[in-house]
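Taking our numbering, the leading residue of the sequence shown gets 1, the next gets one more, and so forth.
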Amino acid sequence: MYIYPDARAVIRDLEPEEPLILNRPHAAARAARFFTQKFPGTCMYAVKANPSPGLLNVLWDNGITHYDVASITEVRLVAETLPKAQMCFMHPVKTRKAIAEAYHQHSVKTFCLDTAEELDKIVAACAGEDGTPAADLRLLVRLRVTSEYAELSLASKFGCDLIEAPGLLQAARQHSDWLGITFHVGSQAMSPFAYVQGFDRTRAAIAEAQVVIDMIDIGGGFPSIYPGMEPPPLEDYFRIIEKHFEALPIAYNAELWCEPGRALASEYSSLLVQVDRRRGDELFINDGAYGALYDAAHVDWRYPVQASPARGASEGFREDTQDFAFFGPTCDDADYMAGPFPLPGDIAAGDYIEIGMLGAYGAAMATGFNGFGNAAQIVVADEPMESLFRGDRVMPELDNVVSLR
Ligand SMILES: *Cc1c(COP(=O)(O)O)cnc(C)c1O
């Protein structure tokens, strides 16, 4: 496999007219080592953020042994790619067939639930042919938490409330070899305080249920860096999480788990696009809302950008930076990304733009709509545009880091 030094070398060599995903295995390796060494517990990877086998292998090689899967397709993918990986089926609403295949064919023992119906489904699907109940289930009850500190809410869909949780914990205890509580604070949580409410609810649920809890899984939500979104250091998150975990009324050998997607994957990839047309301060580029830029279009997520002149343009850009918006390649008006994306004022059709920090929820979101969205993948050796893990960050203001009450 050829490794290009950077986007400019890719442009010089390939003059690509289709979008390309530029992968940085070294950056994902660094993120994995950071979490495995510094998170005070077990770190899973939430596969939905980026299921590419290349990334899964890098994470595995750098110490990530547990994988949060949400569909039977993800179960099969991880089973095939990393046969020794431990999988946890964390979607609270699964089909009976998916549960049965995961348990009986892929040795998945850990399942998440937020209703009594789902518990019944799991127990029935995992029983032996003669009806013997499974004795090795590890069940996680998902609590609902608010997403007020997260840029992307995940609060309305899943999780049981504090009225339902005690009964569900007691019922799940009857069928569990191992019982856990989990919550998910939403994605890109900009303050460690996001997790404190989850711990408060966990504590209340345990006090009410009076059952033995073997593990707490605090979900994902750890941030990455994007323009206008500079989070506090992840070490601050880990410190606050560990303190709250240790204060819970649980067994001394209870385990702490987390399941980041974004923070492990975002630095892995950037996207190289070509400008097909310029119309004032709007650039028509060859990837967009239906490709790797779903979040840029649908939730106005901003990504860092870098322009490279078309091959053959001997000089660089001459004009100062100005703000642009993007149109994607499909015929749909919604294929629009407001940005703003600061780029040289003389950027023109034929020039290239590298869009950074797209390893999480980038290529993973692409569809085949209108015949676009199938970007090829290339490996590059340079640094991601931003990094939480390089050790060279200037400490941001700590005003949104909260101490323990
Ligand atoms: C999406 C998801 C994650 C990963 O979230 P990130 O914000 O990418 O860290 C983890 N757990 C659950 C249950 C999820 O739905």
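Backbone N, C-alpha and C fix where the C-beta goes; we use that ideal spot for every residue, glycine too.
Runs of beta strand (DSSP E) wholly within the stretch 263-338 (minimum 3 residues, chain order) = Complete beta strand (DSSP E) runs here, min 3: 269-279, 282-285, 305-308 and 321-327.
message = Beta-carbon within less than 6 angstroms of Phe34's beta-carbon, same chain only, minus the 5 sequence neighbours each way: which residues are those?
response = Stepping through the sequence shown from its first residue, residue 34 is reached at position 34. Correct list, in chain order: Phe389.
query = With respect to the alpha helix (DSSP H) encompassing Ala172, which residues constitute its N-terminal and C-terminal limits?
reply = Counting from one through the sequence shown, the residue named residue 172 turns up at place 172. Looking at the DSSP string, the run of the alpha helix (DSSP H) that includes Ala172 is Ala165 to His175.
task = Using only alpha-carbon positions, find the residue among Gly359, Ala205, Arg201 and Arg96 that is nearest to Glu146.
result = Position 146 of the sequence shown, counting from 1, holds the residue named residue 146. As written in the sequence, residue 146 is Thr, which differs from the Glu given in the question. Ranking Gly359, Ala205, Arg201 and Arg96 by CA distance to the CA of Thr146 puts Arg201 first.
request  = Can you list the residues near ligand 1, meaning Cβ strictly closer than 5 angstroms to any non-hydrogen atom, in the order they appear in the chain?
outcome  = Those residues whose C-beta sits under 5 angstroms from the nearest heavy atom of ligand 1 are, from N- to C-terminal order along the chain, Ala46, Ala49, Met90, His184, Ser187, Gly219, Gly220, Gly221, Glu259, Pro260, Gly261 and Arg262.
request  = Report the option in Ser387, Ala100 and Ala205 whose CA atom is closest to the CA atom of Leu140.
outcome  = Position 140 of the sequence shown, counted from the start, is the residue given in the question as residue 140. Sorting Ser387, Ala100 and Ala205 by C-alpha distance to the C-alpha of Leu140 places Ala205 at the top.
request  = Kindly list the residues whose CB is nearer than 6 angstroms to the CB of Ala310, restricted to its own chain and excluding five residues on each side of it in sequence; keep chain order.
outcome  = Translated into the one-based positions of the sequence shown, residue 310 becomes position 310. Closer than 6 angstroms at the Cβ level, and outside the excluded window around Ala310, lie Gly350 and Asp351.
ask   = Looking only at its own chain, which residues have a Cβ that is under 8 angstroms from the Cβ of Pro329, when we skip the five neighbours before and after it?
value = In the sequence shown, the residue the question calls residue 329 occupies position 329. Asp276, Phe284, Ile285, Asn286, Asp287, Gly288, Gly291, Asp335, Asn370 and Phe372, listed in sequence order.
task = Could you work out which residue in Pro344, Val58 and Ser224 is closest to Gln306 when comparing CA atoms only?
result = Translated into positions along the sequence shown, residue 306 becomes position 306. Minimum Cα distance to Gln306 is reached at Pro344.
task = Provide the residue span of the beta strand (DSSP E) that contains Arg138, from first to last.
result = Taking the first residue of the sequence shown as position 1, residue 138 is located at position 138. Here the beta strand (DSSP E) through Arg138 covers Arg138 to Arg142.
query = How many Å lie between Gly180 and Ile216 at the Cα?
reply = Within the sequence shown, the letter at position 180 stands for residue 180. Within the sequence shown, the letter at position 216 stands for residue 216. Cα to Cα, Gly180 sits roughly 5 angstroms from Ile216.
Ranges of the alpha helix (DSSP H) found wholly within the stretch 176-219, counting only runs of at least 4 = Counting only runs of 4 or more, we get 193-209.
query = Quick one: what's His66 bridged to in DSSP?
reply = Taking the first residue of the sequence shown as position 1, residue 66 is located at position 66. Answer is Met44 and Gln86.
task = Return the CA-CA distance between Lys84 and Pro342, expressed in angstroms with no decimal places.
result = As a working mapping, residue 84 is identified with position 84 in the sequence shown. As a working mapping, residue 342 is identified with position 342 in the sequence shown. Answer to the nearest angstrom: the Cα atoms are 45 angstroms apart.
ask   = What distance in whole Å lies between the Cβ atoms of Gly359 and Ala46, which are believed to be in contact at a cut-off of 8 angstroms?
value = In the sequence shown, residue 46 corresponds to position 46, counting from 1. In the sequence shown, residue 359 corresponds to position 359, counting from 1. Wrong, their Cβ atoms sit about 13 angstroms apart, outside the cutoff.
message = Using only the alpha-carbon positions, how far apart do Cys88 and Pro51 sit?
response = If you number the sequence shown from 1, residue 88 lands on position 88. If you number the sequence shown from 1, residue 51 lands on position 51. The straight-line gap from Cα to Cα measures roughly 15 angstroms.
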